[in-house]
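Trainee:
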């Protein structure tokens, strides 16, 4: 086994927590640095795909997470008004027993935090990293906003999210596309439509979804152009609720629990592409490296796969630089595939280009009727497609 490394992990999110646990379990000396003074369960429901499930199984945390999750056997989208089916992807058509799970982000985060607490990870909260320097011995020193130094480290892994400021601070370049459309979402008591992620669409301007979670909860989300948020708020909550219920009658019961507009949180999305994700000493993973819109439900799953594969590369390589190169080669086709497919599909569901909705409505219902295409679609939504020219990945 290679020598134990001094590893700095920046960001106590899904990617950072998974990485910190795995590397500490492998015997590395891990310092986990987070700019927030406290960490806790935040965020809406997420889809735990087959890829993320595989990582959690390796971590020994899958059963604990699934005890608070809702099985999702199909992704079903229909048109508002007519009720006509747009697409229906049944996970079981890919292979028996295959399914996703709706789970509150807090459940998943708490499971990962509990894993971190089982290891001798040095967790430092309230430390916003603002600079780095290389020591004469080749180590990496990180300095936070208060002037406190952290390190030196043999390598640093940055998982500080889609809005990462460290990309620029550490001299990396990134292409960041801010999407014009976002969502209003809330997590409330309810069942949604059991076994289904239900989405209702009208063209590319209106989108509503219900995602069942565990523990008697459901996430609801209403897509809208970000520029319309002020006007929607001005019309008032009751007007918005009437519009949503007319659009999707299944929303009536969960919306009863929304009594204040502030219960609806507005989330925007961005697409991040980093042509270079490491320099031999520092590596970016998760949303910091490849954030994308949520339309394929892959974000947290890709983050955990990043962490799992990085740990494997560090076990096999002689140096961090060699491990980072191996990691980049191993993840390149996989991440590129999901990044490009998500970037391509997003405007077909949320954009001002109505012609895209017209084309989507005619092509998407036909594609699953072609067996080979249906299998590729299902492998994709399960998080298991290894690339444009690759088959199923092994986790």
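Residue numbers (UniProt numbering): 1 to 395. Backbone N, C-alpha and C fix where the C-beta goes; we use that ideal spot for every residue, glycine too. This structure is a prediction, so every number in the text was calculated from the model and none was measured.
Mind checking residue 286: buried by the 16 CB within 10 Å criterion, or exposed?
Mentor: It counts as buried.
Trainee: Could you tell me if residue 38 is buried or exposed, where buried requires 16 or more neighbouring beta carbons within 10 angstroms of its beta carbon?
Mentor: Exposed, since its Cβ has fewer than 16 Cβ neighbours within 10 Å.
Trainee: Mark residue 261 as exposed unless 16 or more other C-beta atoms lie within 10 angstroms of its C-beta, in which case mark it buried.
Mentor: Per the 10 Å Cβ criterion, exposed.
Trainee: In three-state DSSP terms, what is residue 17?
Mentor: Residue state, collapsed to three classes: helix.
Trainee: Considering Cα atoms alone, identify which of 380, 375, 348 is closest to residue 336.
Mentor: Closest option to residue 336, Cα to Cα, is 380.
Trainee: Where do the N-terminal and C-terminal ends of the beta strand (DSSP E) with residue 179 fall, by residue?
Mentor: Careful: residue 179 lies outside any beta strand (DSSP E) and carries neither H nor E.
Trainee: Could you spell out where the alpha helix (DSSP H) holding residue 51 opens and where it closes?
Mentor: Its alpha helix (DSSP H) spans residues 50-59.
Trainee: Using CA coordinates, which residue listed in 47, 36, 15, 67 is at the minimum distance from residue 383?
Mentor: Cα-wise, what sits closest to residue 383 is 47.
Trainee: If we ignore side chains and look at the alpha-carbon of each, how far apart do residue 159 and residue 82 end up?
Mentor: Residue 159 and residue 82: Cα-Cα distance of roughly 43 Å.
Trainee: Got a sec, what are the start and stop residues for the alpha helix (DSSP H) residue 280 sits in?
Mentor: Premise fails: residue 280 is in no alpha helix (DSSP H) and is neither H nor E.
Trainee: Would you tell me roughly how many angstroms separate the C-alpha atoms of residue 323 and residue 55, rounded to the nearest one?
Mentor: Each residue's alpha carbon lies about 19 Å from the other.
Trainee: Between 370, 349, 10, which lies nearest to residue 200 when the distance is taken from Cα to Cα?
Mentor: The residue with the shortest Cα to Cα distance from residue 200 is 349.
Trainee: May I ask you to verify whether the segment 172-191 touches the segment 206-222, counting CB pairs closer than 8 Å and requiring at least 3?
Mentor: The segment 172-191 vs the segment 206-222: in contact.
Trainee: For residue 221, collect the residues of the same chain with a Cβ closer than 6 Å to its Cβ; drop the 5 residues on either side in sequence, then sort them by chain order.
Mentor: For residue 221, where only same-chain residues beyond five positions count, the Cβ hits under 6 Å are 183, 185, 209.
Trainee: Between the alpha carbons of residue 211 and residue 50, how many angstroms are there, rounded?
Mentor: Cα to Cα, residue 211 sits roughly 17 Å from residue 50.
Trainee: Given a cut-off of 8 Å on the beta-carbon distance, is the pair residue 20 and residue 121 in contact?
Mentor: Result yes, Cβ atoms of residue 20 and residue 121 sit closer than 8 Å.
Trainee: In terms of residue numbering, what span does the beta strand (DSSP E) encompassing residue 199 cover?
Mentor: Where residue 199 is concerned, the enclosing beta strand (DSSP E) stretches over 195-202.
Trainee: Report the residue ranges of all alpha helix (DSSP H) runs contained in full by the segment 354-385; include only those spanning at least 4 residues, in chain order.
Mentor: Taking only runs of at least 4 residues, the alpha helix (DSSP H) segments lying wholly in the segment 354-385 are 354-363, 371-381.
Trainee: Starting from the C-beta of residue 80, find all residues in its chain whose C-beta is less than 6 Å away, skip the five residues before and the five after it, and write them out in chain order.
Mentor: Closer than 6 Å at the Cβ level, and outside the excluded window around residue 80, lie 200, 202, 247.
Trainee: Assuming residue 353 contacts residue 204 (C-beta within less than 8 Å), just tell me the rounded distance between them.
Mentor: Confirmed, about 6 Å.
Trainee: Buried or exposed for residue 392, please, with buried defined as at least 16 other CB atoms from any protein chain shown within 10 angstroms of its CB.
Mentor: Exposed, because fewer than 16 other Cβ atoms sit within 10 Å of the Cβ of residue 392.
Trainee: From the DSSP output, in three-state form, read off residue 300 for me.
Mentor: Note: residue 300 maps to helix in three-state DSSP.
Trainee: Distance, Cα to Cα, residue 236 vs residue 265?
Mentor: C-alpha separation (whole angstroms): 15 Å.
Trainee: Taking the alpha carbon of residue 277 as the point to measure from, which residue in 249, 150, 310, 347 has its own alpha carbon closest?
Mentor: Checked all of 249, 150, 310, 347; the closest Cα to residue 277 is 310.
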